[in-house]
Amino acid sequence: MGRWRDGHGELTVRGNGEGAPVRVPLETATSYRARTRGLLGRDSLDGALLLSPANSVHTFRMRMSIDVAYLDRRLRVIAVRTMPPGRLGLPRLRARHVLEAEAGAMEGWGLRVGARVEVNL
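Residues 374 to 494, numbered by the working numbering, are exactly what the sequence shown covers, in order.
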């Protein structure tokens, strides 16, 4: 898996063996500054944002509802939530990374608990 840097790439979502993998544009936020900024001030997101390392998020000062997927160290989804603005997500003990996307996007990608993702930068 290696160590990622702030930047852009592609996320591949592999469901639980159902259907073809889905490829999604990906932004990575691995520096403290980029993780802190996250999606603040944005009205939309094309694809997903990966926060790493991270095990919780908040939506204070956000302009939109978001889907949040918590990933373990093997990039397997351990929880998925939709969060409206102004919320604080509880930390997930096994989570090492967090994916964020516009609300409803993850369901369309087939991203659910047990799914595996790949990060290609």
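All C-beta atoms, glycine included, are put in the ideal place defined by N, C-alpha and C.
Inset, instruction - Could you spell out the range, first to last residue, of the beta strand (DSSP E) harbouring Ala468? - result: Here residue 468 corresponds to residue number 95 of the sequence shown, with the count starting at 1. First-last for Ala468: undefined, no H or E at that position.
Legend entry - CB-CB length for Gly382 against Val492, believed under 8 angstroms: The sequence position of residue 382 within the sequence shown is 9, counting from 1. The sequence position of residue 492 within the sequence shown is 119, counting from 1. That belief holds up - the Cβ atoms of Gly382 and Val492 are roughly 6 angstroms apart, short of 8 angstroms.
Inset, instruction - Assign Asp440 to one of two classes, buried (16 or more other C-beta atoms within 10 Å of its C-beta) or exposed (fewer than that). - result: Numbered from its first residue, the sequence shown carries residue 440 at position 67. Its Cβ being crowded by 16 or more others within 10 Å, Asp440 is buried.
Inset, instruction - With DSSP as the reference, label Met437 as helix, strand or coil. - result: Translated into the one-based positions of the sequence shown, residue 437 becomes position 64. Reduced to three states, the DSSP call for Met437 is coil.
Inset, instruction - Could you please give the first and the last residue of the uninterrupted alpha helix (DSSP H) stretch that includes Gly481? - result: By 1-based counting over the sequence shown, the position of residue 481 is 108. From DSSP, the alpha helix (DSSP H) with Gly481 extends over Ala478 to Trp482.
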